[in-house]
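Numbering (numbering that gives the first Met the number 0), first residue to last: 0 to 382.
Glycine residues also receive a C-beta, built at the ideal position from the N, C-alpha and C atoms.
Since this is a predicted model, take the numbers as computed values, not measurements.
The structure appears right after this line, and notes come after that.
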Amino acid sequence: MKLNDHARFSTVCIHAGQEPDPSTGAIITPIYQTSTYVQEGLGQHKGFEYGRTQNPTRLALERNIAAIEAGTAAFAFASGMAAIDALLTRLESGDHLVVSDNTYGGTFRLFEKVRRKFGLDFTYVDTSQLDTIDAAITAKTKYLFIETPTNPMLRVTDLAAAADIAHQRNVRVIVDNTFASPFIQQPLTLGCDIVVHSTTKFLNGHSDSVGGVVILRHEDDIEWMKFVQNAAGAILGPMDSWLILRGTKTLPIRMERTNTNSMAIAEHLAAHKKVKSVIYPGLSDHPHHALAKKQMRGFGGLITFDVGSLEAARTVLPRFKLMSLAESLGGVETLISHPAIMTHASVPAERRAAIGITDGMIRISVGIEDVDDLKEDLDQALG
Ligand SMILES: Cc1ncc(COP(=O)(O)O)c(C=O)c1O
């Protein structure tokens, strides 16, 4: 299957990286569940020697996601955290990163509890306020690590402007694009250098696999990541690669529905008398609404709303019937969570307060069910 250079996003999602199976013609890339490959003779093989180093199903996924994110190459890992950790192996003791202060709690934990021990240094700033980025960069800074929109405050950072600031100081920009997905924004086309995803979320989209991927455009980054994926070995298995490859085929239609459902639910919540406040970049009162409109295709599937107190949240959460109380996001089914007790429990209470995460906050990852059923469930739970 040869894609045109000008193939559009939905076509790229379905076809990129995939050829009919050469031995059978199977249209779907098989799950190559094998640890090794028979060689025809010494040094004679078909490009596959050992399962950690190469796997055809993983390779198809990596090529598919590289194309979807407009990158040059991609490398798939056993989880989003493994992918983020692989990026840090490019650094040396003494190096410094500037990081979005409202980054995913697990990322904060990896940086502070694991990698700081090895001599890396991190400064957390609100990257949506561009002047904080320049002020935090030092002579030791190697990466600016951005999440946009953030979790659960849904702050939006201007990626093109942030990349300009970082590049003037010789700093490369990593974007964790998990929350948006490449349907909504492609950071590499906005001038950023590296994209990382937890594929566990929108890319897979069906809540049945854990994985991560790094997408790169600079040759030196690609060379290192290819080496480290094999050297450290936190690879994604063939079955998970296949599941994600199936997921990316429907990414555009899932995201379109996610966008329309989320907008309708955000407006519904904003008009509900039991809800104190709603954070959604699609609402005109969101502080970064204009930027989100310019930078994003739709406003994504995450909504945060505040019911006023921990007590109120504890009353409301068990009442949901259709929406499930669970960590994670980006699946076809709607999930609700309580950031302070669940996803952000590893962030100290005073840091949560500084970022604006309250005990009354509930986050919804909006699925693609019928939006009227979702609204009914919200209404009955809010009472
Ligand atoms: C924005 C973001 N990045 C990274 C991760 C980590 O991904 P994984 O759970 O696949 O390790 C998550 C997980 O929730 C996330 O929300």
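Residue i CB to nearest heavy atom of ligand 1 below 6 Å
i: valine 209; result: yes
i: serine 197; result: yes
i: aspartate 376; result: no
i: glycine 79; result: yes
i: isoleucine 105; result: Rather than isoleucine, the amino acid found at residue 105 in this sequence is glycine. Flag set: Cβ of glycine 105 near ligand 1.
i: threonine 177; result: yes
Exposure of residue i, with buried meaning 16 or more beta-carbon neighbours within 10 Å
i: tyrosine 49; result: exposed
i: serine 206; result: buried
i: phenylalanine 144; result: buried
i: phenylalanine 226; result: exposed
i: isoleucine 26; result: exposed
i: alanine 75; result: buried
i: glutamine 167; result: exposed
i: glutamate 61; result: buried
i: histidine 196; result: buried
i: glutamate 222; result: exposed
i: asparagine 169; result: exposed
i: serine 283; result: exposed
i: proline 347; result: exposed
i: serine 22; result: exposed
i: isoleucine 243; result: buried
i: lysine 200; result: buried
i: asparagine 54; result: buried
i: aspartate 4; result: exposed
i: glycine 40; result: exposed
i: glycine 7; result: According to the sequence shown, residue 7 is arginine rather than glycine. By the neighbour-count rule (16 or more Cβ atoms within 10 Å), arginine 7 is not buried but exposed.
i: glycine 93; result: exposed
i: glutamate 326; result: exposed
i: glycine 42; result: exposed
Three-state secondary structure assigned by DSSP to residue i
i: isoleucine 113; result: Checking the displayed sequence, the identity of residue 113 turns out to be valine instead of isoleucine. DSSP places valine 113 in helix when its eight states are reduced to three.
i: histidine 95; result: strand
i: glutamine 43; result: strand
i: alanine 73; result: strand
i: glutamate 146; result: strand
i: arginine 362; result: strand
i: histidine 343; result: coil
i: valine 155; result: coil
i: leucine 87; result: helix
i: phenylalanine 8; result: helix
i: threonine 140; result: strand
i: threonine 257; result: helix
i: leucine 334; result: strand
i: serine 197; result: strand
i: serine 240; result: helix
i: isoleucine 164; result: helix
i: leucine 129; result: helix
i: phenylalanine 121; result: strand
i: glycine 211; result: strand
i: phenylalanine 226; result: helix
i: isoleucine 27; result: coil
i: arginine 51; result: coil
i: aspartate 369; result: coil
Whole-Å CB distance - residue i paired with residue j, under 8 Å assumed
i: threonine 137; j: histidine 95; result: 6 Å
i: arginine 296; j: phenylalanine 121; result: 31 Å between Cβ atoms; not a contact.
i: histidine 267; j: isoleucine 278; result: 14 Å between Cβ atoms; not a contact.
i: leucine 153; j: serine 180; result: Contact doesn't hold; Cβ gap of about 15 Å is too wide.
i: cysteine 191; j: valine 172; result: 4 Å
i: aspartate 369; j: methionine 322; result: The Cβ separation is near 13 Å, so there is no contact.
i: alanine 135; j: valine 97; result: 4 Å
i: glycine 373; j: valine 315; result: First, the amino acid is wrong: residue 373 is leucine here, not glycine. In fact, because the Cβ distance is near 15 Å, the residues do not count as touching under 8 Å.
i: glycine 330; j: leucine 187; result: Going by Cβ atoms, the distance from glycine 330 to leucine 187 rounds to 25 Å, so no, they are not a contact pair.
i: alanine 165; j: leucine 189; result: Contact doesn't hold; Cβ gap of about 12 Å is too wide.
i: cysteine 12; j: leucine 250; result: 5 Å
i: leucine 158; j: threonine 147; result: 7 Å
i: arginine 253; j: isoleucine 367; result: 6 Å
Would you check if the stretch 208 to 216 and the stretch 284 to 302 touch, i.e. whether three or more CB-CB distances between them fall below 8 Å? no
Would the stretch 348 to 364 and the stretch 324 to 337 be scored as touching if the rule is three or more Cβ pairs under 8 Å? The stretch 348 to 364 vs the stretch 324 to 337: in contact.
Does the stretch 80 to 88 come close enough to the stretch 236 to 244 that 3 or more CB-CB pairs lie under 8 Å? no
The stretch 305 to 312 / the stretch 256 to 266 touching (three or more Cβ pairs under 8 Å): no
Touching by the beta-carbon criterion (3+ pairs, under 8 Å), the stretch 101 to 114 and the stretch 341 to 353: yes
Flag this pair as touching only if the stretch 106 to 119 and the stretch 62 to 71 have three or more C-beta atom pairs under 8 Å; answer yes or no. no
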